[in-house]
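**Student:** I'd like to ask some things about the structure below.
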């Protein structure tokens, strides 16, 4: 069954220079066959809207999970990387506290850090904040030493 238009993955683009027109000009060109097919479905003069985002770097995502693993192995009270992630999001205020009727205290609902909800720029800022929070709350070390420990398995 074909996907509905709203369910299609976003078209992907690469930034290229246009030397023949202006050596300083940049244009977006389709980076795969599906994106090329989609752009060819439009006519010259069609007005389009786009949400341009830099896709997440998978290596940076893995590096973040290595940070969580280091915290889990070096701090008591964490039995999984996911639990470190929840604590980290709470420490950073990355979520909201929700009042639950008849509950003794509010429930923390963390924000998503999925690839769909954060582009690379946003994730880079989140990662930097996460390292700072780890250094402040769980592993009192030098940032460079922590970054080196993370890089050991990369």
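Residue numbers (our numbering): 147 to 300.
The beta-carbon is built from N, C-alpha and C at its ideal position, and this holds for glycine as well.
Just how far apart, CA to CA, sit residue 281 and residue 269?
**Tutor:** Within the chain shown, the letter at position 135 stands for residue 281. Within the chain shown, the letter at position 123 stands for residue 269. Those two C-alpha atoms are separated by around 18 Å.
**Student:** Evaluate residue 216 with the Cβ neighbour count: other Cβ atoms within 10 Å of its Cβ, from every protein chain shown; 16 or more gives buried, anything less gives exposed.
**Tutor:** Locating residue 216 in the chain shown gives position 70, where the first residue counts as 1. Result: buried.
**Student:** Do the region 282–297 and the region 217–225 meet, that is, are 3 or more Cβ pairs less than 8 Å apart?
**Tutor:** Segments in contact, yes.
**Student:** Near residue 277, what residues of its chain come up, given a Cβ to Cβ distance below 8 Å and the 5 sequence neighbours on each side ignored?
**Tutor:** Working through the chain shown from its first residue, we reach residue 277 at position 131. Cβ neighbours of residue 277 beyond the five flanking positions: 213, 289, 292, 293.
**Student:** Straight-line CA distance for residue 237 to residue 201?
**Tutor:** Start at 1 with the first residue of the chain shown, and residue 237 comes out as number 91. Start at 1 with the first residue of the chain shown, and residue 201 comes out as number 55. About 26 Å.
**Student:** On the three-state DSSP scale, how would you describe residue 171?
**Tutor:** Numbered from 1 along the chain shown, position 25 holds the residue referred to as residue 171. Note: residue 171 maps to strand in three-state DSSP.
**Student:** When the Cα atoms are used, what is the spatial distance from residue 251 to residue 244?
**Tutor:** Taking the chain shown and counting its residues from 1, the one referred to as residue 251 is at position 105. Taking the chain shown and counting its residues from 1, the one referred to as residue 244 is at position 98. C-alpha separation (whole angstroms): 9 Å.
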